[in-house]
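Engineer: Pasting in a structure now, in C-alpha cells, and then I'll have a few things to ask.
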Amino acid sequence: MTENLRPSGAHSTDQDPTSYPYASPSAYDGTAYNSAAGGYPPPPPYAPTNRRKAKRPVALLAAVAIAAGVIGGGTATLVGRLNGQDSAATGSGGAVNGTTVSQSSKGTVAGVAEAVSPAIVEIGAASSAGKSTGSGVVITEDGEIVTNNHVISGAQQIQVTLSTGRTYTADVMGTDPDKDLALIKLRDASGLKTATLGDSSKVKVGEEVVAIGSPEGLTGTVTSGIVSALDRDVTVAKDDSGSSGQGQGRQGGGQEWPFEFGGQQFNGDTGEETTTYKALQTDASLNPGNSGGALINMDGEIIGINSAMYSPSSSSAGSGSSAGSVGLGFAIPVNTLKADLDTLRAGNGS
C-alpha cells in the first residue's frame with residue numbers, strides 16, 4: 000500500500016518556500032530537507048510515475064495511428080469490398096480497374112488467379128468452317144471484352160461463357176486485323192467483374208507472370224512462368240480465310256492458329272495476308288484456346304493478350320496430332336491494346 004505524502008490542504012503559489020510542508024525528515028527516508036537552502040525539495044516519488052502512466056496510452060495510440068496510416072491503403076479496398084461498399088468508378092465508357100490482389104496474396108499465383116479469373120471468359124465462335132474456342136478479357140462491367148481478331152474472324156455467332164458458367168451472346172464492336180485485336184460486347188450484361196490493364200512498357204525479362212484462358216475448352220485454366228523475351232516480331236494471318244489453321248482451337252481436326260517467327264512458319268500456313276507485331280514472349284504454358292486470354296503480372300494487372308504458341312508436332316510432316324506447350328508463347332503487349340481501344344469501340348479498325 001502506497002502512502003500519499005501530499006498534505007490534504009492545498010498550498011498557494013506565493014507560499015514562503017522556507018516553510019515548505021515537506022521539510023519533515025520522515026517524509027524522505029530519514030533525510031531532513033535543509034530549509035535554509037531556499038530551494039524546493041525533490042518531487043515526491045509518485046509524481047514522475049504518474050506522468051509516465053499518463054503518457055504511455057498516448058504514445059500507444061500514436062503508434063497505432065501511424066501503423067494504420069501505413070497499411071490503410073492496402074486494407075481499405077478489402078474492407079470496402081467485404082461490406083459491399085466499393086467506391087471505384089464503374090462507368091461503361093472506359094476500362095474499369097475492377098480486380099485487386101489482397102496484400103496477403105500479392106505476389107502469389109493463387110492470389111492473382113483468385114483476383115483475375117472472374118474477368119476471363121471463354122469464347123465460342125461458330126462459322127461455316129466450323130467451331131473454334133478462344134478466350135477473352137472483360138474490361139467494362141457492361142460486357143466489353145477484348146480478344147484476338149483471329150478468335151472471332153468470320154464468326155456468324157459468338158457465345159461467351161463467364162467463369163460462373165453463365166452464357167451470353169456477343170456482337171462484334173470492332174476489329175483490328177493488323178494488331179490481331181478485336182472488341183466484342185455482351186448483350187444485356189451488367190455488373191461484371193473487370194480486369195485492370197497494366198503498363199507493358201515496365202515489363203522486364205525474368206518477371207513472373209500468370210496466364211489464364213480456356214485451352215481446349217477447359218475454362219479458367221491457370222498456368223504460370225516468366226517473361227522470357229521482349230519485342231519478338233511475330234507474324235500471324237489477318238483472318239482465317241485461306242489458312243490451314245482455321246482459327247484457334249478449331250474443332251474437327253484443325254490445327255492451332257498458325258504464325259511465323261524468325262522466317263519460319265509454325266502450326267500451319269499463315270496464308271497470303273499477314274500482319275506482324277512486337278510480342279512479349281513467355282514460357283507460361285499456352286495451348287489451343289488460350290488465344291485472347293490474359294497474361295498477368297503478380298500485381299494482378301493485364302500486361303498482354305495471349306495470341307500465339309509454338310506446337311512442335313505441327314511442324315512434323317504427316318503429324319495429325321496436337322502437342323502441348325513447350326514454353327514458347329507470345330502475347331500482344333497491353334499498351335498496344337490501350338492505344339487501340341477507341342478505334343475498336345468506334346468500329347474503325349484497320
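Using numbering that gives the first Met the number 0, the letters of the sequence shown correspond one by one to residues 0 to 349.
Each residue gets a CB set at the ideal place from its N, CA and C atoms; glycine is no exception.
Report the rounded CA-to-CA distance for GLY197 versus ILE304, giving the unit in angstroms.
Structural biologist: 12 Å
Engineer: Is there contact here, the stretch 264-282 with the stretch 110-124, by at least three beta-carbon pairs under 8 Å?
Structural biologist: no
Engineer: Going by DSSP, what residues sit across from GLN280 in a beta bridge?
Structural biologist: ALA228, PHE329
Engineer: Could you spell out the range, first to last residue, of the beta strand (DSSP E) harbouring ILE211?
Structural biologist: 207-212
Engineer: Only counting the same chain, and skipping five residues up and downstream in sequence, which positions put a Cβ closer than 7 Å to that of ALA330?
Structural biologist: Within the same chain, ALA330 has close Cβ partners ALA278, LEU279, THR281, LEU294, GLY303, ILE304, ASN305, SER306.
Engineer: Three or more C-beta pairs under 8 Å: does that hold for the stretch 124-144 against the stretch 204-214?
Structural biologist: Result yes; three or more Cβ-Cβ pairs closer than 8 Å.
Engineer: Is the distance from the Cβ of ARG186 to the Cβ of THR160 below 8 Å?
Structural biologist: no
Engineer: Between the C-alpha atoms of VAL150 and ILE122, what's the straight-line distance to the nearest angstrom?
Structural biologist: Using only the alpha carbons, I get a separation of about 8 Å.
Engineer: Classify LEU340 as helix, strand or coil using the three-state DSSP reduction.
Structural biologist: Three-state result, LEU340: helix.
Engineer: What span of residues does the alpha helix (DSSP H) with GLY110 cover, start to end?
Structural biologist: 108-115
Engineer: The alpha helix (DSSP H) that contains ILE151, what's its start and end?
Structural biologist: 148-151
Engineer: Inspect the beta-carbon positions of THR275 and LYS237 and report whether they are closer than 8 Å.
Structural biologist: no
Engineer: Considering only C-alpha positions, which residue in the set TYR309, THR163, GLY129, GLY173 is nearest to GLY346?
Structural biologist: GLY173
Engineer: Is it buried or exposed, SER324, if we count other Cβ atoms within 10 angstroms and call 16 or more buried?
Structural biologist: Looking at its Cβ environment, which holds 16 or more other Cβ atoms inside 10 Å, SER324 is buried.
Engineer: Which complete alpha helix (DSSP H) runs does the stretch 144-208 hold, if anything under 4 residues is left out?
Structural biologist: 148-151
Engineer: Can you tell me whether ASP179 is buried or exposed? The criterion is at least 16 other CB atoms within 10 Å of its CB, across all chains shown.
Structural biologist: buried
Engineer: With distances taken Cα to Cα, identify the nearest neighbour of ASP232 among SER310, GLN264, LYS184, VAL120.
Structural biologist: GLN264
Engineer: Taking Cβ to Cβ, would you say LEU182 is nearer than 8 Å to ARG344?
Structural biologist: yes
Engineer: Over what stretch of residues does the beta strand (DSSP E) that includes SER306 continue unbroken?
Structural biologist: 300-308
Engineer: Using CA atoms only, rank isn't needed, just tell me which of ALA109, THR146, SER227 is closest to ASN289.
Structural biologist: THR146
Engineer: Apart from the five residues on each side of it in sequence, which residues of its chain come closer than 7 Å, Cβ to Cβ, to ALA154?
Structural biologist: Excluding positions up to five away in sequence, the list reads ALA124, ALA125, SER126.
Engineer: Quick one: Cα of THR218 to Cα of GLY291, how far?
Structural biologist: Distance between the alpha carbons of THR218 and GLY291: 13 Å.
Engineer: Do SER200 and GLU140 count as a contact pair if the criterion is CB distance below 8 Å?
Structural biologist: no
Engineer: Between the Cα of VAL352 and those of SER152, SER162, GLY129, spot the shortest distance and give me the residue it belongs to.
Structural biologist: The requested residue 352 is not part of the displayed model; the chain covers only 0 to 349.
Engineer: What separation, rounded to the nearest whole angstrom, lies between the Cα atoms of VAL171 and LYS184?
Structural biologist: Straight-line Cα distance between these residues: approximately 6 Å.
Engineer: According to DSSP, is GLY216 helix, strand or coil?
Structural biologist: Taken through DSSP and simplified to helix, strand or coil, GLY216 comes out as helix.
Engineer: Mind checking which residues open and close the beta strand (DSSP E) that includes ILE295?
Structural biologist: 293-295
Engineer: Taking the straight line between their C-alpha atoms, what separation do you get for THR76 and GLY142?
Structural biologist: With a pLDDT of 33 at THR76, under the threshold of 50, the modelled position of that residue is not reliable, and the figure given next carries that caveat. For THR76 and GLY142, the distance between alpha carbons rounds to 23 Å.
Engineer: With a Cβ-Cβ cutoff of 8 Å, do VAL202 and SER227 count as a contact?
Structural biologist: no
Engineer: Just the Cα atoms here: how many angstroms apart are VAL235 and GLY106?
Structural biologist: 33 Å
Engineer: Could you have a look at THR273 and say whether DSSP puts it in helix, strand or coil?
Structural biologist: strand
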